[in-house]
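Here is the structure we will look at, set down as structure tokens.
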Amino acid sequence: MPRDESTRLHVGIIMDGNGRWAEARGLPRVAGHTKGARRVSEIVTAAPDLGITHLTLYAFSTENWQRPVAEVQGLMRLFRGYILGKMDSLRAHDVRVRFIGMRHRVPAHLRQLMDLLEDKTRACRGLNLTIAIDYGGRDELTRALRDIAAQAAGGALAPETIGEAAVAEALDTRDLPDPDFIIRTSGECRVSNFLLWQATYAEYAFLKLPWPDFTPAVLAEAVEGYRGRHRRFGLIGAQASAARAVAES
Ligand code: IPE
Ligand code: IPE
Ligand code: MG
């Protein structure tokens with residue numbers, strides 16, 4: 513079926529299972545993260561051809577800081593290597609990169625690269641790639657509530673005017689549509705603090721295979737499965753079809 517180019521598709525991926533992938537091969541966990549980072553490049557390249565307009569990748573949670581220091585440092589090194597290695601090609605492929613999450617806990621050298629990559633790709637109009645680093649849905653909501661409370665306390669916002677749009681606007685994802693489809697690899701069936709507000713009506717797929725084994729062919733199959741689903745948004749029949757068309761346009 514020819515694809516309507518105006519259709520928007522926001523896919524989120526909880527990239528889980530790197531450590532177990534490595535441990536099953538007798539390798540250190542960081543080897544799984546290294547392999548996982550290579551998969552990120554393949555998936556980013558493949559996404560537009562599958563009709564994906566927005567891709568949001570969960571790379572590091574607010575809870576992941578509690579892992580052993582060596583693993584955390586290994587991950588920070590990999591993020592740095594990914595940005596340095598892919599900066600030019602992401603721009604050349606018209607990929608607009610954004611980061612969501614708390615930036616101040618990230619090492620300064622990495623934070624500077626994150627800022628630089630966002631700046632360098634700001635004018636890109638192809639795939640919208642969002643990478644969640646030091647991201648937690650509860651933290652994001654807490655920060656948003658703090659902002660809203662400060663505005664209200666300062667008199668800039670009347671509490672009775674605060675609606676869902678004001679909350680959405682205060683989140684890190686203010687420039688992004690809600691995710692349509694969220695995939696989690698590695699067999700766990702949980703959301704682990706990912707896009708708690710935004711995923712209210714997202715479809716989910718929980719796949720058994722670990723992230724380092726996730727290929728573009730697997731993504732294509734998952735997206736095909738998503739396209740066969742019926743999203744209803746709490747509605748029935750034709751109402752639901754109309755709501756789906758609005759959500760995806
Ligand atoms: C996902 O893989 C990467 C991060 C959470 C940073 P894991 O490191 O969680 O791998 P498993 O789940 O322990 O196998
Ligand atoms: C979720 O994976 C976070 C990322 C993929 C970045 P975790 O491995 O941290 O989640 P839990 O601990 O299994 O819930
Ligand atoms: Mg995990």
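Residues in the sequence shown are numbered from 513 upward in steps of one, following the working numbering.
Cβ coordinates follow ideal geometry from the N, Cα and C atoms, glycine included.
Checklist entry - Identify the residues that DSSP records as bridge partners of Y716: which are they? => result According to DSSP, Y716 bridges with I694.
Item to check | Reference I612; option with closest CA among L562, R520 and D651 | outcome: It is D651.
Checklist entry - For T673, is the classification buried or exposed, using 16 other Cβ atoms within 10 angstroms of its Cβ as the cut-off for buried? => result Only exposed fits T673, as fewer than 16 other CB atoms lie within 10 angstroms of its CB.
Next on the checklist: Below 7 Å, is the gap between the Cβ of D561 and the nearest heavy atom of ligand 3?
Outcome noted: Checking the Cβ of D561 against ligand 3 gives no.
Next on the checklist: So, with DSSP's three-state summary, where would you put L521?
Outcome noted: Reduced to three states, the DSSP call for L521 is coil.
Next on the checklist: Please state the DSSP three-state secondary structure of E535.
Outcome noted: Helix, per DSSP.
Next on the checklist: Going by DSSP in three states, R634 sits in which element: helix, strand or coil?
Outcome noted: Coil, per DSSP.
Item to check | Length of the line joining the Cα atoms of D606 and T557 | outcome: Answer to the nearest angstrom: the Cα atoms are 11 Å apart.
Item to check | Cβ-based neighbour list, P514, same chain, cut-off 8 Å, excluding 5 preceding and 5 following | outcome: Only weak support exists for where P514 lies, its pLDDT of 40 falling under 50; the coordinates are left without a value.
Checklist entry - Grouping DSSP H, G and I as helix and E and B as strand, with all else coil, what is R608? => result In this structure, R608 counts as strand in the three-state DSSP scheme.
Item to check | 6 Å CB neighbourhood of I526 in its chain, flanking five on each side removed | outcome: The answer, listed in chain order, is Y570, R696 and F706.
Item to check | Buried/exposed call for T685, threshold 16 Cβ in 10 Å | outcome: Counting Cβ neighbours within 10 Å, T685 comes out buried, since at least 16 surround it.
Checklist entry - Do you know offhand how far R615's Cα is from I645's? => result If you draw a straight line from the Cα of R615 to the Cα of I645, it comes to about 8 Å.
Item to check | Neighbour flag for I674 against chain B, beta carbons, 8 Å | outcome: Within the model displayed, chain B is absent; a lone protein chain is all it includes.
Next on the checklist: Tell me which residues share the same chain as F718 and place their Cβ nearer than 6 Å to its Cβ, disregarding the 5 neighbours each side in the sequence.
Outcome noted: Close CB contacts of F718 within its chain, under the 6 Å cut and outside five residues either way in sequence, are with R696 and C701 (chain order).
Next on the checklist: Is D528 near ligand 1 - that is, is its Cβ less than 7 Å away from at least one heavy atom of it?
Outcome noted: Checking the Cβ of D528 against ligand 1 gives yes.
Next on the checklist: Measuring only the C-alpha atoms, how far is A534 from F745?
Outcome noted: Taking the straight line from one Cα to the other gives about 39 Å.
Item to check | Segment limits, alpha helix (DSSP H) that includes T557 | outcome: Start and end: R541 to A558.
Item to check | N705 Cβ short of 7 Å to ligand 1 heavy atom set | outcome: The answer is no for N705.
Checklist entry - Just to confirm, does W577 get its C-beta within under 7 Å of one of the non-hydrogen atoms of ligand 1? => result Taking 7 Å as the cut-off, one finds no heavy atom of ligand 1 near enough to the beta carbon of W577.
Next on the checklist: Under 7 Å: does the beta carbon of Y716 sit that close to some heavy atom of ligand 2?
Outcome noted: The nearest non-hydrogen atom of ligand 2 is 7 Å or more from the C-beta of Y716.
Checklist entry - For L569, which three-state DSSP category applies? => result In this structure, L569 counts as strand in the three-state DSSP scheme.
Next on the checklist: Give me the DSSP bridge partner(s) of A732.
Outcome noted: In the DSSP output, where bridge partners are listed per residue, A732 has none listed.
Checklist entry - Taking just the CA atoms, how far does P671 sit from A665? => result If you take the alpha carbons of A665 and P671, they lie about 9 Å apart.
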